[in-house]
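To keep things clear, I will list the structure first and then write my remarks on it.
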Amino acid sequence: MLSIIVPCYNEQEVLPLFYETLTREMKEVGCPYEVLLINDGSKDDTLKLMTKLADQDERVKYYSFSRNFGKEAAMYAGFTNAKGDYVVVMDADLQDPPRLLKQMWEILSTGEYDSVATRRSDRKGEAPLRSFFARKFYQVINRMSDADIMDGARDFRMMRREMVEAILSMTEYNRFSKGIFGWVGFRTYWLDFENEKRAGGSTKWSFWGLFRYAIDGIINFSQSPLSFASWSGIFMTMLAFVMLLFVVIRKLIFGDPVAGWASTISVIIFIGGLQLFSLGIMGQYIAKIYMETKDRPHFIISESNDEDVKKIR
Ligand code: UDP
Ligand code: MG
């Protein structure tokens with residue numbers, strides 16, 4: 226059986242169309258399946274639509290969060306409650322085209338691969354500034370971390386149970402799925418497709434939201450920002466030593482004219498800034514450690530039509 230996980234946050238405009246398209250495509254695939262609709266604290270009629278779909282079709286299960294926990298939590302809830310031997314995650318807005326499901330299923334059926342991941346081959350229809358930062362982000366994170374993250378990779382991915390168990394075993398609170406998928410490894414087939422526009426509704430990501438998510442991704446999968454403090458410290462010490470030598474020798478040769486107040490101040494400010502910046506980096510990691518040690522649940526499900534639902538994890 227295939228479990229289809231769909232995180233939904235305010236998706237009343239596209240959900241019916243999504244369900245229709247999915248059902249049509251799954252007929253083509255022809256395998257038994259369940260659809261796990263995760264309502265991530267929507268403020269519109271998404272939940273109402275979900276219960277309606279669940280009444281019509283017994284393959285549809287809905288899980289409704291007690292508030293908005295974010296897409297990462299929604300995916301985690303999906304993985305936790307999925308019962309299939311194969312699991313696929315996809316967005317509700319049809320930007321992860323259901324027509325690819327058949328091909329993904331066929332590739333997995335050969336047994337040569339453990340997961341089929343998808344990648345946008347272009348960024349058509351996206352703001353140029355956003356594309357630019359996205360590209361830079363992938364360059365930086367791949368240089369700094371050991372999780373290899375493909376540029377343009379989507380969360381749209383079909384995988385075997387083994388990989389799902391591996392993902393579930395990563396219980397970290399600060400989740401960054403693109404990194405987690407890469408980190409667990411397994412044999413992955415990459416499928417390219419052209420970028421699709423949202424079928425309706427609007428994106429949940431602001432530029433700054435995305436920026437913060439990117440920083441989170443780097444901090445979650447790399448320790449190299451921490452070594453920035455050590456390296457710049459060593460560099461500064463050496464520089465200061467050379468400057469000191471210079472000052473002492475000049476004093477011995479030319480005497481002691483009092484000068485250079487402005488340059489002294491600017492050096493002090495510069496070093497002070499560097500120290501604060503390094504402290505800030507440390508603070509980011511400490512904040513993450515703080516959240517991890519609290520061991521709070523990733524999500525709380527307040528309503529579901531699944532009798533064996535795991536409500537909290
Ligand atoms: N989503 C969610 N919780 C959130 C934000 C988004 O479950 O807090 C879902 C959303 O309903 C959609 C998917 O995550 O199915 C991707 O969101 P969106 O289309 O807004 O992101 P984009 O495609 O623009 O990156
Ligand atoms: Mg989208």
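Residues in the sequence shown are numbered from 226 upward in steps of one, following my numbering.
Note that beta-carbon positions come from the ideal geometry of N, C-alpha and C, so glycine has one too.
Since this is a predicted model, take the numbers as computed values, not measurements.
- Taken in chain order, the whole beta strand (DSSP E) runs of length 3 or more contained in the segment 261-318 are 285-290, 311-314.
- Taking ILE490 as the centre and dropping the five residues before and after it, the same chain places no C-beta closer than 6 Å to its C-beta.
- Annotated as proximal: LYS536 and SER527, with beta-carbon spacing under 9 Å.
- Under the three-state reduction of DSSP output, PRO232 falls in the strand class.
- Under the 10 Å beta carbon count, LEU262 is surrounded by 16 or more other beta carbons and is classified as buried.
- Scanning PRO353, ILE443, GLU331 for the CA closest to the CA of ILE374 turns up ILE443.
- Under DSSP, VAL341 forms a beta bridge with MET383, TYR414.
- The DSSP-derived three-state label of GLU528 is strand.
- Taken from the Cβ of ASN235, at least one heavy atom of the ligand UDP lies inside 8 Å.
- With respect to the C-alpha of ARG400, the residue from TYR301, LYS327, PRO232 having the closest C-alpha is TYR301.
- Residues MET369, SER370 of the same chain have their beta carbon placed closer than 6 Å to that of SER447, with the five preceding and five following residues left out of the count.
- Spanning the alpha carbons of ARG348 and LEU499 requires a straight line of approximately 36 Å.
- ARG475 is classed as exposed because its beta carbon has fewer than 16 other beta carbons within 10 Å across all chains shown.
- Contact holds between the segment 292-312 and the segment 227-235, because three or more Cβ pairs, one in each stretch, are under 8 Å apart.
- Residue burial is scored here from C-beta neighbours: TYR515 has fewer than 16 other C-beta atoms within 10 angstroms and is therefore classed as exposed.
- Contact holds between the segment 506-515 and the segment 449-458, because three or more Cβ pairs, one in each stretch, are under 8 Å apart.
- Not one heavy atom of the ligand UDP sits closer than 8 Å to the Cβ of VAL341.
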